[in-house]
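Below: the structure, in structure tokens.
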Amino acid sequence: MILTRTPFRLSLGGGSTDLPAYYEQHGGFIFAVTLNLYMYIGLNRPPVDQMIRLKYSDSEEVERLMDLKHNLARAALQRTGIVKQIEISSMADVTGGTGLGSSASYLVGLLNGLHALKGENLSRLQLAEEAFEIATEDLGLPDGKQDFYLASFGNFCVLDIAANGTVSLLPAKISRSTQEAFERRTLLFNTAMRRSSTAVLAEQQDDIRAEKPDKIALKHETKRIGKGILSAFEQGDLDTFGRLMDEHWQTKRKMSDRMSNDVFDEVYEKGKRCGALGGKIIGAGGGGFFLVYCQEGSQDAVRRLFTEYKFHEVPYRVEASGTQVMIHRPREMNSI
């Protein structure tokens, strides 16, 4: 029996410059952080039969791996060579399609557990890259690098992505007092509007590959703002972070008509009148979670406003660790 725990993430700066279509031409930059909101995955190898059982929002029981509908689980099992006699159950603090990187947290957590079942100890870099390869090469998904690296490494992460896809993790020099102020002044709301990131990300990659100058310029601007956000954090100047997040959101909205809607635009503008300095939809856009940065003392007013729009606040803290094996109780088994 194995249980893994893998955090979800907030993208703070540089989002979408981690897409291959962009970084292969211009290099990418990401500044992000993981939260104490988690994906839990339990794995067991029941000795009673050779079936593959998967429990998530649905339930599957198949004899052949190719008949498994869950594409992430099927691809991870295929990669690790575990093709029978396996039971996998997943639970999460956050539902999928909400912009916090749930698919990557699932895949990284599952791979961590599968390798533990086999007695293999992969590095965090190996887990992140294997998950990215499964998503983009095996499944053809239009994903970027950041979600897999954040799920694997955890904490505040700065990713510098070279044109060949090599990721360098740079130190984020953020003081404890700045982290605590960040946790206190930011509010995270679930809009209850779910969406698939695949269509949004595919559209962005297509725009870049088509060499649309306006869309590429928006990515350049996103990278510039992201580096400014990191600098603001390292200097402890979170009000500048808030203003830059507003600038980032205005830039992000221009990337696609799918990014926002009339309700999001309305509540955001009202929020700024209540004391919010900046905010944005987390992830690819179009729904999910809204992150808002408030001037000190304005949190309650912003909280009341977003609650009036039926947005549910989700309390959180920064999670310093990436994916972990929380329970590992080996069973004597025949070879895989």
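So the mapping is simple: the numbering used here equals the position in the sequence shown, first residue as 1, plus 53.
Note that beta-carbon positions come from the ideal geometry of N, C-alpha and C, so glycine has one too.
Bear in mind that the values here come from a model prediction, so they are computed numbers and not experimental data.
Do you know how far the Cα of residue j is from the Cα of residue i?
i    : j    : result
L271 : I55  : 44 angstroms
D299 : F359 : 17 angstroms
K280 : T231 : 17 angstroms
S335 : R306 : Going by the sequence as given, residue 335 is Ile instead of Ser. Going from the Cα of I335 to the Cα of R306 covers about 12 angstroms.
L180 : G207 : 13 angstroms
D260 : S309 : 10 angstroms
K325 : K198 : 32 angstroms
V220 : F61  : 20 angstroms
I227 : R370 : 15 angstroms
Q288 : A85  : 16 angstroms
L178 : V345 : 31 angstroms
Y321 : A145 : 28 angstroms
R106 : P266 : 48 angstroms
R277 : A169 : 40 angstroms
N387 : V101 : For N387, the predicted model reports a pLDDT of 49, less than 50, meaning its position is unreliable and no value from the coordinates is stated.
V316 : L121 : 38 angstroms
S112 : M119 : 16 angstroms
L223 : I83  : 10 angstroms
G80  : R382 : 43 angstroms
Y91  : T59  : 5 angstroms
R296 : E114 : 50 angstroms
T70  : E319 : 27 angstroms
A263 : Q257 : 10 angstroms
A74  : T189 : 12 angstroms
A373 : G162 : 16 angstroms
A285 : C347 : 15 angstroms
H301 : I139 : 44 angstroms
E77  : A215 : 7 angstroms
D191 : A329 : 42 angstroms
I187 : L160 : 9 angstroms
G68  : L240 : 19 angstroms
Quick one: using the 10 Å Cβ neighbour count with 16 as the cut-off for buried, is residue i buried or exposed?
i    : result
N217 : exposed
R117 : exposed
L130 : buried
G398 : One cannot answer for residue 398 here, as it falls past the ends of the chain, which runs 54 to 389.
G331 : buried
L65  : buried
N165 : buried
L203 : buried
T275 : buried
G340 : buried
T376 : buried
D196 : buried
K333 : buried
Q303 : exposed
G182 : The sequence given here places Glu at residue 182; Gly does not occur at that position. The residue in question, E182, is buried, as its Cβ has 16 or more Cβ neighbours within 10 Å.
T87  : buried
S205 : buried
T148 : exposed
S143 : buried
A184 : buried
G193 : exposed
Tell me which residues share the same chain as residue i and place their Cβ nearer than 6 angstroms to its Cβ, disregarding the 5 neighbours each side in the sequence.
i    : result
A225 : F209, V211
K137 : Q103
T133 : L167
F242 : F343, F359, F364, E366
K268 : D260
M246 : G340
L391 : Nothing about residue 391 can be read from this structure; the chain reaches only from 54 to 389.
K108 : S142
G152 : I335, G336, G341, F342
Y362 : V320
Within a Cβ cutoff of 7 angstroms, which residues of the same chain sit near residue i, ignoring the five residues on either side of it in sequence?
i    : result
E349 : R238
C327 : S351, A354, V355, L358
A234 : L291
M379 : L56, T57, R58
F294 : I282, A285, F286, Y346
N124 : L192
Residues in its own chain within less than 8 angstroms of residue i by CB, not counting five upstream and five downstream?
i    : result
D200 : R62, G154, S156, A157, S158
E236 : Y369, R370, V371
I135 : L167, L170, K171, I389
M312 : V253, K305, R306, I334, G338, G339
K323 : L358
### Task
Could you tell me which uninterrupted beta strand (DSSP E) segments, each at least 3 residues in length, are contained entirely in the segment 207-267, listed from first to last along the chain?
Qualifying beta strand (DSSP E) stretches, in chain order: 210-214, 220-223, 239-243.
### Query
If you scan the segment 70-146 from start to end, which runs of the beta strand (DSSP E) of 3 or more residues do you find wholly inside it?
Taken in chain order, the unbroken stretches of beta strand (DSSP E) that lie wholly in the segment 70-146 and span 3 residues or more are 81-97, 105-108, 112-115, 139-145.
### Query
Is there contact here, the segment 82-102 with the segment 120-130, by at least three beta-carbon pairs under 8 angstroms?
Short answer: they don't touch.
### Query
At what residue ranges does the segment 160-199 contain a whole run of the beta strand (DSSP E), taking only runs of 3 or more?
List check, beta strand (DSSP E) in window: nothing returned.
### Query
For the segment 289-342, which segments carrying the beta strand (DSSP E) assignment without a break, of at least 3 residues, lie completely within its bounds, in sequence order?
Look at the segment 289-342 and you find these whole runs of beta strand (DSSP E), each 3 residues long or longer: 329-334.
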